[in-house]
Structure formats: C-alpha cells, structure tokens
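A short write-up of the structure that comes next.
There are 2 protein chains.
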Amino acid sequence: MRVPFDDLHRTLERVLLSLGFEASRAELCARLFAETSRDGVASHGLNRFPRFVQMIQAGVVDVHAGAQLTSSHGATERWDGRRGPGNLNAHRCMRQAIALAREHGMGCVALANTNHWMRGGTYGWQAADAGAIGICWTNTLPNMPPWGSSQPRLGNNPFVIAVPRPAGHLVLDMSLSQFSFGALESYRRRGEALPVTGGFDAAGELTRDAAAIESSGRVLPIGYWKGAGLSLMLDIIAAVLSGGRATHEIPPDSLQETALSQVFIAADFTSRDRAGTALSTVEKIVEDLHAAGDDVRYPGERTLAIRERSMTLGVEVDEDIWDKVRRMAASG
Amino acid sequence: MRVPFDDLHRTLERVLLSLGFEASRAELCARLFAETSRDGVASHGLNRFPRFVQMIQAGVVDVHAGAQLTSSHGATERWDGRRGPGNLNAHRCMRQAIALAREHGMGCVALANTNHWMRGGTYGWQAADAGAIGICWTNTLPNMPPWGSSQPRLGNNPFVIAVPRPAGHLVLDMSLSQFSFGALESYRRRGEALPVTGGFDAAGELTRDAAAIESSGRVLPIGYWKGAGLSLMLDIIAAVLSGGRATHEIPPDSLQETALSQVFIAADFTSRDRAGTALSTVEKIVEDLHAAGDDVRYPGERTLAIRERSMTLGVEVDEDIWDKVRRMAASG
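These protein sequences, in sequence, are chains A and B.
The numbering used here applies: residue 1 is where the first sequence begins, and numbers increase by one.
The numbering used here applies: residue 1 is where the second sequence begins, and numbers increase by one.
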C-alpha cells in the first residue's frame, strides 16, 4: 500500500517524540527515515524503524545525545557521536564536512561512537544537494569473511560517493558485500536464485542460493579478494581517524551493533566554477554513459523516478510494519 | 633470471638520460620503475619500460615537462602534468598532498594532463613511508563496459589506499576490473582458467576463459554493477577536481593513452598521535585479520617478502626484455 509522505513523516515523528526526542531532532530523524522509504529503500526506512525503536528502548541508542566536536586540525575534525541516533549524527557530520570544504576546499569529519546511519546514500544526497562532492563510509559489525577464511571478521562497510548534478545527482551507495543481507532475504522469500554468485554455501562452494549463504554466513565481498581488502582499509581509516572502534570491537549482534566509526569527506565542487565547466564535464560523462545502451544507468538514476512516484502516489509501505508503527504512534 | 637492484636501476637510468631526462629526474623515474619490479609487479616495472620509451619517442610523453601548480584552495590544489612522465608527476603530486596534509590534516591534489602512472601502489607506499594515509586513483582509456552494455566506455581506473604500519604498510592497489589486462594475458599464456569469472565471452556469457574475454573486450567490473558505478564516480571526480579529461575523452589506443586525470589524497596519521594509539589500532586490526586463518593476508603483505628476496637474490626479470633494455642503455 501507499501512504502520503507527510503522513509517514509525521507518524514516525510522533513515535520519536513519545520516546523523548527533542522536537527538532524528532522532525529531522523522522524525515530521514521517511525520505529513505520515499526513495525506494524501505529496508533502511520504515522497515528498519521498529528495530531502531527497540534499540532506543534497550538503551543502546541515546535519544538525547548529539554529536560533539572533540578535536580539530585544519580541514579535518574528530567528532564523538556519544551513541546518539545514527542518522542524526551522520547528518550533522556531513553538514560539518561540507562547511569545512567551503573553507578549505575539502573537509573531513571522522565520527566515533555512533550508531547505524541507516541509508548511507542519505549523506551523499545531502552533500550533492549542498553542491559538494560527498564521500563517506561506515564500519559495521563483523559480517563478512576475509578472503581465504570462513570466519566473519570484516564488515560489509557501506561506501558512498556522490557528485552534484542539476538534472539529478549521481549517488553511489553500496555495501562491500555483493548482496546486502536485506537483498539475500528478499531473494530467499521470492524463491529466486541470485543473478550472480553471492557467497559460499556450507560446503565452501560459490552459490547463487540466498538461503545457503544466509545459513553459512559467508557472503562474498565485491570482487572477491579486492572487496575484502577494501573493507579492511575502510575500517582501519574510520577507526584511526575517528579514534573509535574497529569492526572487530563491535558486538556481533545486530541489536547491540553500536559505537561505530564513520568518515565524512566533502569536496568543494562549484564555488570556484563560475563558468560551469565542472557541471558540463559531469553532463558529458553521463551522456557518454547513456550512449552505451538503453539499459545503462548511472548510480542513483532510478531514485528520482521512484521519489517522484512516491510524492505523487504516496510512499510504498509494508502494511504490517506500517500498522505496527501507527499503533506505536497512537499509544505514544 | 635475477639481476641486482642497482644494476636494474642504473640501466634504466642510462636509457632515460639518453632520452634527454635531466639527471635527478632520470634517477627518480628509473628508481620507480625498478622498485616496481623489485616489489613483484614486473608488468608495470621493467616489462612496461619499453612501451614507456616508445611513448617518449612518439612524442606522447614529454621528458622535460614537470607538473605545475595551477590553482589552490586551502587543503586542495590543482596541478597540470603537462604530459610529462606519469610516474614523476604522480610522485610529485602525492608529495604535495602529504605536505598539505601536514598543514591542514588532509590534502588533496588533483592532477590533469598527465600520463600513465605505472604502478599505482607506488604512491600508496610513498604516503605510508611518510607516515600518512594515502588514497589515490587515476582514470584510464575506455576499457571496460558499463553494466548492461558491451561497449567499453568506462576505465578500469586503478584505486589505491595505503595506511602506515611500522611492521609493514597496508597498501591496497587494485584496478576496478576483476582481472587486469596483464593478468588475463598471463592466464591465457599458461592455459589456465581464471579462478573466478572475469568477464563475458562474445556470446555474452560470463566466463573464466581469459582468451575469450580478451577477444570480446568485455572485462567484468569488481562486484558487477557496483564496480562499474565506482569506476564512473572516480572518473567524474578526477575530471572535475583536476579540470582534466574524463575517460571518454582519452584515446582508446594504449600507445596514445595520454592526458589522464588523477587524484591524490593524504591524511595526517601520526603527527598528533604521540601516544601511538592509531598505530596500535592498526596492529590490533591486523592481528584480528590474521586470526581468521593461515591463508589470510592484508593488502600489501606479500610485497615485503618479495622485496626482501629481490634485494637479497636480485630482482626477477624477463630475460628478453632485460636484454632489450640493456641494448637500449648501451646504444644510448
């Protein structure tokens, strides 16, 4: 079913207010969840909201805690997320990275001690909306084996790159496993084989069977050994720049997944480009890509169409989860 | 066969001097080639040197041109490579990014109008040797199809991330195709199947047959659609930050592959870490990784062993290519 965006936003906001959020923080936090569903990523929007509430109720996420600057060196800053709501912390830090980029050409905010940022792409869109290039990533709990091992020691650390473009930003938002855990679940439920191999089965064979991968826990990094290496490097940089936890220190229990480390980089894009050269460069690259075939899309291309449909027809929601959240809002 | 490192270095240097390089530039350029072979990456070391000489003789690479600063904004700078030797330009720009990082916490140099940087990992090792985190990438000629197309419109844009570590730096140096063109050639020559699918054959089927992929030209991006998206984003950022060419503007002929765009980012790592916390974080992450199994390696781990053997026993060289280069040096 579909519900009006504003209805979704206000319902989530009411739940957050009932949990003790300050008004402006409830508004923003709810909006980021609602926008994620609006953009077609329900797994990190409405569908994720009940778990977020559970983590607040369990005391893992502190609704009153806002991110704070702990140290600064020119274009780079360290912030402490104080285990506050992950999307508010991430949004605050990308905002700060953008401000640093305006001053120094580039800005980098490393955030320790935060919680799950929900949809990583959110902060890419945020940077691009502000006219900046955005690059950000997060570490996660250990959920992906290094190459040559069956033990989950790496995170599938989502990695985001965004470039502004007036006709529609380019936003790459990818986890470093070939398929996210949400995607594996969807394929299993539909009884479909994965389009390409997504991991190993219990016997250590590469497989397209989502259920077999879920049960072995051996998801495949993108590019096999290459993605495993990239995951390790992103984890290290997040941990050392923020002074926060590395993946191996994060509890391997998704309801206790907390004290994550994240990096937000913004680069000035258009402030010195009065002639519009950079924008025209982006446009020509997109044109060349599109000339490669009718099925070729740039990262984020499908989002605008989904967003438009959501705003016209309403945001698509899972009926059971929507009912559950509405009951939370009513009883709050 | 193996030759002493110094012999390799001086032989290459003599060739470069005969081509008109100034003394200090010949020394460094030759050293970067020799170190690449020393580290076990002959494809971008000695084996690549004859093609480099050809490109100089064809006037594609200008031996006299050094990279120059064209504009600056705080922690970020634009440089013009003036179609000089790619490894000298890249080395100069990473050096500058490191200097900016010392001042601003992070530094970014975007380089336009340069030539092939040979082994990308060189500039990762350079940053790590200077105690900085290094991130760099280059665009290339169109050699990889976007997802959903059979036309090579993307580059397999090598991407490098390095983190300093006293017992051995971590250096990820990967192209965004599952196998480099050099790797495909090696598998074909040995008559071996690729360990995992590496591209499409002429019929559009995924295959582990290197020759079939070379002949279709349809190499697979790491992570399929994910690596294709990453390649596009890195190309855009390199082109817009440097003001230089995007992949679609680079001649699709490897002897004319010139006027590339590159990005060099360095981040301060240890200058504010007097307690050694960051180094100890890296060490603990490496320990946890190694605990995952005897076959598990961090990126760059094999390099130090190869390097040590090269320095003790001599650098492994292809006899034919070594003879050819020695003749160039003798006749120069």
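Even glycine gets a Cβ: it sits at the ideal position worked out from N, Cα and C.
query                                                                                                                        : result
C-alpha gap between Ala246(B) and Val282(A), whole angstroms                                                                 : 9 Å
As assigned by DSSP and simplified to three states, the class of Gln178(B)                                                   : coil
Rounded distance between the beta-carbons of Val109(B) and Leu79(B), thought under 8 Å                                       : Reading off the sequence shown, one finds Trp at residue 79(B), where the question assumed Leu. Contact holds; Cβ gap of about 6 Å.
Chain A contact residues for Lys226(B), given Cβ-Cβ distances below 7 Å                                                      : Met174, Ile222
Contact with chain A by Leu206(B), beta-carbon distance below 9 Å                                                            : yes
Residues, ordered as in the chain, of the region 228-239 of chain A that lie near chain B by beta-carbon distance below 7 Å  : Gly229, Leu230, Leu232, Met233, Asp235, Ile236, Ile237, Ala239
His169(A), DSSP secondary structure in three states                                                                          : coil
9 Å Cβ cutoff, Gly293(A) in contact with chain B                                                                             : yes
Three-state secondary structure assigned by DSSP to Val219(B)                                                                : strand
Sequence ranges, alpha helix (DSSP H) only - wholly within the region 17-53 of chain A, length at least 4                    : 23-38
Best match in Asp6(B), Pro85(B), Ala58(B), Ser43(B) for proximity to Glu22(B) [C-alpha to C-alpha]                           : Pro85(B)
Beta-carbon separation (whole angstroms), Leu260(B) vs Thr138(B), contact threshold 8 Å                                      : 6 Å
Per-residue contacts from Thr122(B) into chain A (C-beta, under 8 Å)                                                         : None at all; the shortest Cβ gap to chain A is about 17 Å.
Counted within 10 angstroms of its Cβ, other Cβ atoms place Gly148(A) as buried (16 or more) or exposed                      : exposed
Chain-ordered neighbours of Tyr187(A) on chain B, where CB pairs are closer than 9 Å                                         : Here the premise fails: no neighbours, minimum Cβ distance about 15 Å.
Pair within 9 Å by beta-carbon distance, Gly217(B) and Thr207(B)                                                             : no
Contact set between the region 105-134 of chain A and chain B, restricted to residues whose Cβ is under 7 Å from the partner : Gly105, Met106, Cys108, Ile133
Residues that DSSP places opposite Asn115(A) in a beta bridge                                                                : Thr258(A)
Ala58(B) and Arg83(B) closer than 9 Å at C-beta                                                                              : no
The region 89-96 of chain A touching the region 123-142 of chain A, judged by at least three CB pairs closer than 8 Å        : yes
Strand pairing of Met106(B), partner residues [DSSP]                                                                         : Ala267(B)
Helix, strand or coil at Ala278(B) [DSSP, three-state]                                                                       : helix
One or two residues paired with Thr207(A) in a DSSP bridge                                                                   : Gly199(A)
Alpha carbon of Ala90(A) to alpha carbon of Ser175(A), nearest angstrom                                                      : 17 Å
contact_flag[the region 13-33 of chain A, the region 290-297 of chain A] where n(CB pairs < 8 Å) is 3 or more                : no
Close Cβ partners of Met311(A) (< 8 Å) along its chain, the five nearest in sequence each way excluded                       : Phe5, Arg38
Within 9 Å, strictly: CB atoms of Gly155(B) and Ile250(B)                                                                    : yes
Contact belief for Asp209(B) with Ala193(B) at Cβ below 8 Å, rounded distance in angstroms                                   : 7 Å
Any C-beta of chain A under 9 Å from that of Gly74(B)                                                                        : yes
Whole-number beta carbon distance between Leu255(A) and Met55(A), since they are thought to touch under 8 Å                  : 6 Å
Under 9 Å between C-beta atoms of Ile98(A) and Ala266(A)                                                                     : yes
Beta-carbon separation (whole angstroms), Asp268(B) vs Met118(B), contact threshold 8 Å                                      : Not quite, the Cβ-Cβ distance comes to about 27 Å (not below 8 Å), so this is no contact.
Where Arg272(B) falls, given that 16 or more other Cβ within 10 Å makes a residue buried                                     : exposed
Cross-chain neighbours of Arg272(B) in chain A, by beta carbon under 9 Å                                                     : Ser71, His73
Coarse secondary structure for Ala67(A), derived from DSSP in three states                                                   : coil
Buried versus exposed call for Met1(B) [16 or more other C-beta atoms within 10 Å across all chains shown]                   : exposed
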